[in-house]
Amino acid sequence: SYSVKCSYDGEGCITEVELPDGSFIQYEYEGPFVKKVMRASKDKQGLYQYSVFSRDLMGNIIEEILPYHAGSRKQSFDTLGRRVQIATDFFQDYIPNKGYDPLGNIKTREPLFDGEKSNVSYDYNALNQLLSEKGEIEHSYTYDSIGNRYSKDGSSYVVNDANQLIQAEGAIYTFDSKGNLATKSVDGTTWEFKHNNFNQLTSITLPDEMSVSFTYNLRGKRLSKKVEKDGSSEVLRYFYLGQTELGCMDTKGNIVELRIPSNPNQPERGTFIAFELNKGTYVPIYDIQGNVTCLIDPERRKIQESYRYSAFGEEEILNHRDREIQQSSVGNPWRYRGNRIDEEVGLICIGHRYYDPETGRWMSPDPMGDLDGPNLYVYCRNNPLIYVDYFGLASEKNKSSVDESYFYGEYEPHCYCERHRDCKRGGDIATDPTLRAGFSIGGVVDLSLEVLSHPRVQGSLQAFAGLAEASAGGLATLGSGGLAAPIGWPVLTHGLDQFITGMSTAITGSHRATLTEQLLQTTGMSSEWASLTNDLLSIGGTMGGTAIVRASRTGAFPNFRSPMSSNNSRVSVNRATSFAGSKRAPLNYAPYQKVRNETAVIYGRKYTGHALDRMQDRGFMPSIVEKTIQSNVGTPNKVVGRMQFYDAVNNISVVTENGEVVTILSGRLN
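Written as structure tokens, this is what we have:
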């Protein structure tokens, strides 16, 4: 089996991951945050551990203790929550004061590696696309108005009308009918690429007659890789935690490559605490962009291998003697942005697509269509320093950067506006006041949606809805005199479940499932259906409870409100809502009013509208009227055919005619 099994706590957080070989990764939490990670053998004996020493008030890790003897890793953040420093015993990365521009782009970095400090600077155009990088690796770029790279270091790139790269830096490219890369030719040497009907890369044929083939499951995850050359073959099978690849196994079931996530609930967004490669364990050190900058031998406290990258992922590999080598000496496949690189072809596998760092482009169109922009081949909006694409579907702001507030506009193709900034066909669009106003509106909408999607906001809304549901259930139970208790109590209980869960989410900032959802999932229901069922129960409970409350009131006493005062008090109303007159005269002494109520039958007895008006004005309930008639002997009224009844306890007189209540008066009739 190549599956990964997980155990969860009551908050829905992963507490244990069982790997395909039977070994474990165990997690301990402090509130919603991971506090400690333990790597364990098959018999659950500890091999090494990692722990978080401190966090700031936003939950960002300030200091963490790395495995074995690798020391600690410290981080600093600015007032906007952007990461500005990473410090370890082996590598430091620092963004100085004013190192970010007003749009959140990184302008300068000061990496410190093995005691040597260097300065790296970046420049951008008006669309936030990277124009140049200077420092350890230097490049300059230009783009057309739809995001295609127009040149790199003065070398021109040629694209067709479908934004497919035709020629670049001496290489010629062709594409199949679905827009996937078909061939790449350099000086007469050709690489062939084949894709299936789902635009998934299935095989690569190299010039040296080596072939690499891949298989996938129905969800698009890459399951296996087979490398064949000179009659021999090697097969690797991959296993995942959610959508994130953890490692691979050989055909004998041995794990040959494994990485340990620091946060199992969102492994793609966090770092990995250790790489286990060919029976050796190494600790990766990351830079601010999220690249693995070096591997540490934690027992000897030595740098085993280090890496240098351009912004778009072109790399240099240095061994422990600081000499450049062509391939990783320890077989480390996770380097740029922590993604797996297939060294046979130089492509980086990022979820559902493959990325070519040499050209800074995807080799197949976006499976999500134009969700990430009109150009289906652009990588991270041509700004990989602040954008990241975890699964090859859509780019988003890197964790080191603040939320996006600048518009990524729509452009007209083949207008190279970097050469003439005054052109309004899609170049420096931020100079147009009309468009700039539109960008502000778009930013407000994006910000509003982001605020509403924040766990704390959603938790507050859930708590409010739960309180409303609990109130409806309680009122339904009490307002019906207990008759609706079989419905009211479950509604009240479910509402309290919603309220408590919502308050927990609002306080911790971490989503958790309600007890109702957890119970539904124990029956075999998926988490999505359990969540939907829980929401429907909440809506139905609130509406049903409200309907019961309303029915209990109108069914027992139509057109009535609860009395606002005792029998002897005076009630004043306004002409805008009644017939009492404009001077707010007391109803006990009000002149004749138009009948407001219609004749109705209550408890089997008929009441005239006039009687109902008197009862409403004086606060007499039907039960009191009925008790007065049943408990007292009637006497003839002055009006022939009518009887009158008097109740000394409530000081009420009731007049009936042929059993129908005609009027109700305070005091005793003569």
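According to the working numbering, the sequence shown is numbered sequentially starting from 102.
Every residue, glycine too, gets a C-beta built ideally from N, C-alpha and C.
For VAL135, DSSP records a beta bridge to TYR130. Annotation for LYS208: no alpha helix (DSSP H) segment contains it, and DSSP assigns it neither H nor E. HIS296 carries a strand assignment under DSSP once its states are collapsed to helix, strand and coil. Per DSSP, the continuous alpha helix (DSSP H) segment holding HIS711 begins and ends at 710–719. Between ASP636 and THR617, the C-beta gap is not smaller than 8 Å, which leaves the two residues out of contact.
One alpha carbon belongs to GLN563, the other to HIS595, and they sit about 12 Å apart. Around the Cβ of LEU342, a 10 Å sphere holds 16 or more other Cβ atoms; the residue is buried.
Around the beta-carbon of TYR383, 16 or more other beta-carbon atoms lie within 10 Å, marking it buried. Just measuring C-alpha positions, the residue of GLN745, ILE426, THR729, PRO587 sitting nearest GLY735 is GLN745. Excluding its 5 nearest sequence neighbours in each direction, PRO434 has C-beta neighbours in its own chain below 7 Å: GLU358, ARG441, ILE442, listed in chain order.
For LYS353, the secondary structure class from DSSP, reduced to helix, strand or coil, is coil.
Here the C-alpha atom of ASP351 lies approximately 33 Å from the C-alpha atom of PHE276. Using a C-beta cut-off of 8 Å, the region 384–400 makes contact with the region 188–195, since at least three inter-stretch Cβ pairs fall below that distance.
Pairing SER219 with THR209 gives a Cβ-Cβ distance that is not under 8 Å.
Checking the DSSP bridge columns, you'll see GLY147 partnered with ALA141. For the 8 Å CB-CB criterion, VAL702 and MET716 do not form a contact.
When only Cα atoms are considered, TRP463 and ASN249 end up about 11 Å apart. Three or more Cβ pairs closer than 8 Å define a contact, and the region 447–459 falls short of that threshold against the region 220–240. Relative to the Cα of LEU167, the nearest Cα in the group ARG184, LEU158, LYS137, GLY182 belongs to LYS137.
Secondary structure note for ASP224: it is in no alpha helix (DSSP H), and the uninterrupted beta strand (DSSP E) holding it is 221–225. The criterion of a C-beta distance shorter than 8 Å is not satisfied by PHE340 and SER325.
Counting the other CB atoms within 10 Å of its CB gives LEU158 a total below 16, which places it among the exposed residues. Only residues of its own chain outside the window of five on either side were considered, and among them LEU231, GLU234, PRO485, LEU486 have a CB closer than 6 Å to the CB of ALA412, listed in chain order.
A distance below 6 Å between beta-carbons, with the five flanking residues on each side excluded, links CYS107 to the following residues of its chain, in chain order: ILE115, VAL118.
TYR201 and SER363 have their C-alpha atoms spaced approximately 27 Å apart.
HIS711 has its alpha-carbon roughly 8 Å from the corresponding atom of ARG697. Going by beta carbons, GLU416 and TYR408 fall inside the 8 Å limit.
DSSP places LYS106 in the strand class (E or B) of the three-state scheme. Beta bridge pairing from DSSP links MET744 with PRO737, THR757. GLY575 has its alpha-carbon roughly 10 Å from the corresponding atom of PRO591.
Short of 6 Å from the beta carbon of GLY432, and not among the five residues preceding or following it, lie these beta carbons of its own chain, in chain order: LEU378, ASN379.
Within the same chain, Cβ atoms closer than 8 Å to the Cβ of GLY642 are found at GLU570, ALA573, GLY574, PRO591, VAL592, HIS595, GLY596, the five residues on either side in sequence being excluded. Distances from the alpha-carbon of LEU148 to those of CYS481, VAL479, PHE125 put PHE125 closest. Your pair TYR747 and ASN733 checks out as a contact, with CB atoms roughly 6 Å apart and the cut at 8 Å. Boundaries cannot be given for PHE413, as no beta strand (DSSP E) includes it and DSSP labels it neither H nor E. The Cβ atoms of GLU217 and PRO197 do not sit closer than 8 Å to each other.
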